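Report on the following structure.
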Amino acid sequence: MKKQTADSDRFKRTRLMILSRVLLVPFVAVMLVFGTLVYYFAGNLRGHVARELSQIADGHCRLIDQFLSGLTFQLQFVAASHNFESITRNGRLPEVLQQLQAGSHALLDLGVFDENGNHVAYVGPYDLKGKNYSQTDWFVAVREKGIYVSDVFLGYRNIPHFVIAVGRSEGGRSWYLRATVDTLYFNNLVEGIRVGKTGEAYLLNEQGIFQTTRRSGGELMEPDTDHGIYQSEADGVRSFSAESTAGGRHLYATCRLHETGWLLVVRQEIADAYAPLIRAVLIAIGIIVAGGAVVVTMGFFLASGLANQLTVAAMEKRQMGSQLIMAGKLAEVGEMSAGIAHEINNPLQVMKAEETLMMDIFKEMQADGTLPDNENVRMLRDSINQIDLQIDRCKKITQGLLRFARQSETTIQTIEIPSFMRDVVGMVERKANVENIRIVQEFEDGLPSLESDPAQLQQVFLNLFNNAIDALKGRDNGEIRVTAKQEDAMLAVAVTDNGCGIPEQNLEKVFLPFFTTKPVGRGTGLGLSTCYGIVERLGGQITVSSEVNAGSAFTVRLPLSGSRSHAETRPTTNSKGGNNA
């Protein structure tokens, strides 16, 4: 009893020691690591948010500057391309405004002024012709500067607006062209920025007067009560955070427009701007809590369940035994595949010999004139040919089984391209007919024989035909044209379709592995890359030309001499696109 009690006390002390060392030290370390990560991550994210808002403000500032400079340039161009008499002639000013509005709907009206500020010509919705503007701020400024973009003002029309004016000297006198910018259009341009849920943008002049409205409150020509807190620089963007007079802290980014000196303000509520940071902190806290729970659980099981290690070791031993058994079964499957292939090859060889014997008898009877020429004999000959074709087909199947168990070597044979391509076309002709696609074959006369691997070339052309059929699905008057001709020491075989074509940006990618434009589940992106590898290994080239909605042409060029040496020095490619060792 005492021994059991001592053993129990020793077990409890050991468990307590393990728990304290396994739990306390790692948990403190985890807390320090996560705390440090959260601190630096939060600082980095705050900087990222500020930089992102600054980039938005800088881009928007450039956009507005380009908008104003573009309108100014248009007015300068109009003034330079007209003299005072031509532009004030009846009917000319409306034509000019119409031309300007065709390029931009931002201009509301257009007016011409003489050197004394008299409004001598006007086109627009207001009755302003004949009024004198010599004492107005914008007229005084444009006389001094030659180009002027005004602040928003009321003017004779008693409606907030701003104008762009340019001057021109002509024959010792000056005249001026002025255009009014559509306030609503310009306001939408400035406000057309979206930053989170509370982001907004607006413009202020140097006196802090609104030049555009503010969504959260602030109308045209009203003073901005927050003007005193804005920080700005003569050039560049300034970001900062500050408390607004209406309450609530905001993140700001400001920059000055070069054309007008106006201040662009982009701001966002702090809670909205740092919402990702808050979510990240919550996630980090959740990770810490989850990590702590994992550490506690692991420590408890390590201290209380040392015996589980033996169980795990036994399970691993059984699992390793199962894996060894499975590896043995896979080896047996490979051996069985080779055995089955050899067993099938034996009767195939007998059938091949009998078929050859029958063909020899036919030839002898034909030679001595004892072979009758009737329908039954022709049908019998066709049947023997069909038997020969099916024997070859079975041979290819057994070769596929052998490839599962061992390496398959390249077989170089003499190929007559016209008959070879007719056989390939025969394999896909039924599929093409189902899709109402016509296959046209055109072969140059007197084509030389080719030394290559017919099985691998068959794989290449079957893939090209299947791709062409896919490109023609659902199209009327679908046609696949197969041509073969000799080009110097090369034999060129082209497969052309009038299908959907390949976009120009994809032409350089079609031979890359796993690149496909087919829907998910209909293509692996390995077909053309496999074709490319096969043709290259056979010493040839494959190229593509295409035009969208006109079709594609794949051309395979194979050497008339040297194919054998290329194929014998390179590994073969199986139907999945991989290489046999």
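In this note's numbering, the protein residues as written are 11 to 591.
In this text, a Cβ means the ideal position worked out from N, Cα and C, and glycines have one as well.
Computed from a prediction, not measured in an experiment: that's the story for all the values here.
With 16 other Cβ atoms within 10 Å as the buried cut-off, status of residue i
i, result
"G140", "exposed"
"H171", "buried"
"Y143", "buried"
"T223", "buried"
"S160", "buried"
"F87", "exposed"
"G379", "exposed"
"S10", "Outside the displayed span of the chain (11 to 591) sits residue 10, for which this structure offers no information."
"Q221", "buried"
"P135", "exposed"
"Q333", "Legend: pLDDT at Q333 = 43, less than 50; position of this residue unreliable, value from coordinates given subsequently. Exposed: under 16 other Cβ atoms inside 10 Å."
"V450", "exposed"
"R277", "buried"
"H260", "buried"
"Q469", "buried"
"P513", "exposed"
"H352", "exposed"
"S539", "buried"
"A263", "buried"
"E461", "buried"
Residue range of the unbroken alpha helix (DSSP H) whose run includes residue i
i, result
"K155", "D147 to K155"
"G228", "No alpha helix (DSSP H) contains G228, which DSSP labels as neither H nor E."
"Q109", "R102 to G113"
"Y542", "G537 to R547"
"F453", "Note, F453: premise wrong, no alpha helix (DSSP H); beta strand (DSSP E) at I447 to F453."
"S96", "F94 to T98"
Chain B contact for residue i (CB, 8 Å cutoff)
i, result
"A252", "The structure shown contains no chain B; it holds only a single protein chain."
Pair within 8 Å by beta-carbon distance, residue i and residue j
i, j, result
"A290", "F51", "yes"
"S459", "E426", "yes"
"V133", "L103", "yes"
"A131", "T82", "no"
"L274", "I74", "yes"
"H157", "V176", "For clarity, residue 157 is Ile in the given sequence; the question names His instead. Cβ atoms of I157 and V176: closer than 8 Å."
"S562", "D480", "no"
"F453", "A499", "no"
"I280", "S251", "yes"
"S254", "D236", "yes"
"A116", "Y240", "no"
Collapsed DSSP secondary structure at residue i in the structure displayed
i, result
"Q466", "helix"
"P286", "helix"
"L367", "helix"
"E439", "helix"
"C600", "In this structure the chain extends from 11 to 591, so residue 600 is not present and cannot be described."
"E66", "What sits at residue 66 in the sequence shown is Ile, not Glu. It is helical."
"S393", "helix"
"D480", "helix"
"R61", "helix"
"V306", "helix"
"N3", "The requested residue 3 is not part of the displayed model; the chain covers only 11 to 591."
"G561", "strand"
"F250", "strand"
"R403", "helix"
Boundaries (first-last residue) of the beta strand (DSSP E) holding residue i
i, result
"Q496", "G488 to E497"
"Y4", "Here the chain has residues from 11 to 591 only, and residue 4 is not among them."
"I425", "Q423 to I425"
"I174", "F172 to E180"
"L118", "L117 to F123"
"H129", "H129 to V133"
"Y262", "R259 to R266"
Inter-residue spacing [alpha-carbon to alpha-carbon] between residue i and residue j
i, j, result
"G550", "V59", "56 Å"
"N487", "E439", "15 Å"
"I401", "T408", "11 Å"
"L199", "L63", "18 Å"
"C541", "T46", "54 Å"
"K483", "C510", "9 Å"
"G467", "I66", "The residue asked about is misnamed: residue 467 is Leu in this sequence, not Gly. When rounded, the distance between both Cα atoms is 57 Å."
"I422", "N477", "26 Å"
"T270", "V162", "11 Å"
"C384", "I371", "In the sequence on display, residue 384 carries Asn and not Cys. Whole-angstrom Cα-Cα distance: 17 Å."
"Q376", "E546", "45 Å"
"L55", "L287", "7 Å"
"E210", "R188", "30 Å"
"A442", "A112", "52 Å"
"S571", "V435", "25 Å"
"G181", "D124", "13 Å"
"I354", "R403", "12 Å"
"E518", "T527", "13 Å"
Residue i CB to nearest heavy atom of the ligand PLP below 7 Å
i, result
"Y49", "The ligand PLP is not part of the structure shown, which contains no ligands of any sort."
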